[in-house]
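Below: one structure, written as structure tokens.
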Amino acid sequence: MDRPLLDKQHPEIFKAYVAAARAVRTAAKEAGLDRKLIELINLRASQINGCAYCLDVHARAALDNGEDPRRITVLPAWREAGVFTPGERAALALAEAVTSIQDESRRDAAFAAAAEHYTEAQVSVLNWTLITINAFNRVSILSEHRVTISAQ
1 MDRPLLDKQH
11 PEIFKAYVAA
21 ARAVRTAAKE
31 AGLDRKLIEL
41 INLRASQING
51 CAYCLDVHAR
61 AALDNGEDPR
71 RITVLPAWRE
81 AGVFTPGERA
91 ALALAEAVTS
101 IQDESRRDAA
111 FAAAAEHYTE
121 AQVSVLNWTL
131 ITINAFNRVS
141 ILSEHRVTIS
151 AQ
């Protein structure tokens, strides 16, 4: 048996996930979080999870929202790159801690660092963003969603 396309097999569940993602994006905007930051953490989680489809979607969204392509290129080495602000670095550390959730001390350190740069509401929305992208990564990987590139 081929893997089921989860979004096609149960579209009502997928639509609920999409609605949740929209609500999270709205909450991020209302909390004053820049869309570029949201896309950076979406990208970092998708890199860790190896979700090509979500990497494609969120790289394009980051570029559409004014992100520098070079920052996307060096994102896997964000600690060494020297091009991310302290707040972005805290959010990226949180992305890694939430995505690779097993290490409690790492999570504690990431939450503490995030709290130095963001309000409690903003940290909450960052977490909801990460929970959402991790769920979408799993749906796309398990459904084997493919990146499509049109001929130019």
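In this text, residue positions in the sequence shown follow the UniProt record's numbering: the first is 1, and each later residue adds one.
In this text, a Cβ means the ideal position worked out from N, Cα and C, and glycines have one as well.
Note that this is a predicted model, so its numbers are computed, not measured.
message = leucine 92 and isoleucine 72 - do their beta-carbons sit closer together than 8 Å?
response = Here residue 72 corresponds to residue number 72 of the sequence shown, with the count starting at 1. Here residue 92 corresponds to residue number 92 of the sequence shown, with the count starting at 1. Not in contact: isoleucine 72 and leucine 92 (Cβ atoms no closer than 8 Å).
query = With 16 as the cutoff for other CB atoms within 10 Å, does histidine 145 come out buried or exposed?
reply = One-based indexing of the sequence shown puts residue 145 at position 145. Histidine 145 is buried by the Cβ-count criterion.
message = Beta-carbon within less than 7 Å of arginine 138's beta-carbon, same chain only, minus the 5 sequence neighbours each way: which residues are those?
response = Locating residue 138 in the sequence shown gives position 138, where the first residue counts as 1. Cβ within range, chain order: n/a, list empty.
request  = Go through its chain and collect everything with a Cβ distance to alanine 59's Cβ below 7 Å, but skip five positions before and after it.
outcome  = For the purposes of this step, residue 59 is taken as the residue at position 59 of the sequence shown. Excluding sequence neighbours, alanine 59 sits near Leu43 and Ile72.
task = Could you give the DSSP three-state label for alanine 151: helix, strand or coil?
result = The residue given as residue 151 occupies position 151 in the sequence shown. Reduced to three states, the DSSP call for alanine 151 is coil.
task = Please name the residue, chosen from Ala151, Thr129, Pro69 and Val18, that lies closest to serine 46 on a Cα-to-Cα basis.
result = The residue you call residue 46 lines up with position 46 of the sequence shown. Taking only the C-alpha atoms, the option nearest serine 46 is Thr129.
message = Suppose you measure from the CA of isoleucine 41 to the CA of cysteine 54; what does that come to, to the nearest Å?
response = Taking the first residue of the sequence shown as position 1, residue 41 is located at position 41. Taking the first residue of the sequence shown as position 1, residue 54 is located at position 54. Straight-line Cα distance between these residues: approximately 12 Å.
request  = Indicate the three-state DSSP secondary structure (helix, strand or coil) for isoleucine 101 in the structure shown.
outcome  = To locate residue 101, count along the sequence shown from 1; it is residue 101. Residue state, collapsed to three classes: coil.
key: Reference arginine 3, options Thr148, Leu142 and Arg89, closest by Cα   = For this step, residue 3 is matched to residue 3 along the sequence shown. The option with the nearest alpha carbon to arginine 3 is Leu142.
Exposure label - alanine 95; buried when at least 16 CB within 10 Å = Taking the sequence shown and counting its residues from 1, one reaches residue 95 at position 95. The residue is buried, with at least 16 neighbouring Cβ atoms inside 10 Å.
Tyrosine 118 (DSSP reduced to helix, strand or coil) = Here residue 118 refers to the residue found at position 118 of the sequence shown. If DSSP states are grouped into helix, strand and coil, tyrosine 118 belongs with coil.
query = Between the beta-carbon of histidine 117 and the beta-carbon of alanine 90, is there less than 8 Å?
reply = In the sequence shown, residue 117 corresponds to position 117, counting from 1. In the sequence shown, residue 90 corresponds to position 90, counting from 1. Cβ distance < 8 Å, so histidine 117 and alanine 90 count as in contact.
ask   = So, are the CB atoms of glutamate 30 and alanine 61 less than 8 Å apart?
value = As a position in the sequence shown, residue 30 is number 30, starting the count at 1. As a position in the sequence shown, residue 61 is number 61, starting the count at 1. The answer is no: Cβ separation not under 8 Å.
query = What is the rounded straight-line gap between the Cα of valine 24 and the Cα of valine 125?
reply = As a position in the sequence shown, residue 24 is number 24, starting the count at 1. As a position in the sequence shown, residue 125 is number 125, starting the count at 1. Spanning the two alpha carbons is a distance of roughly 7 Å.
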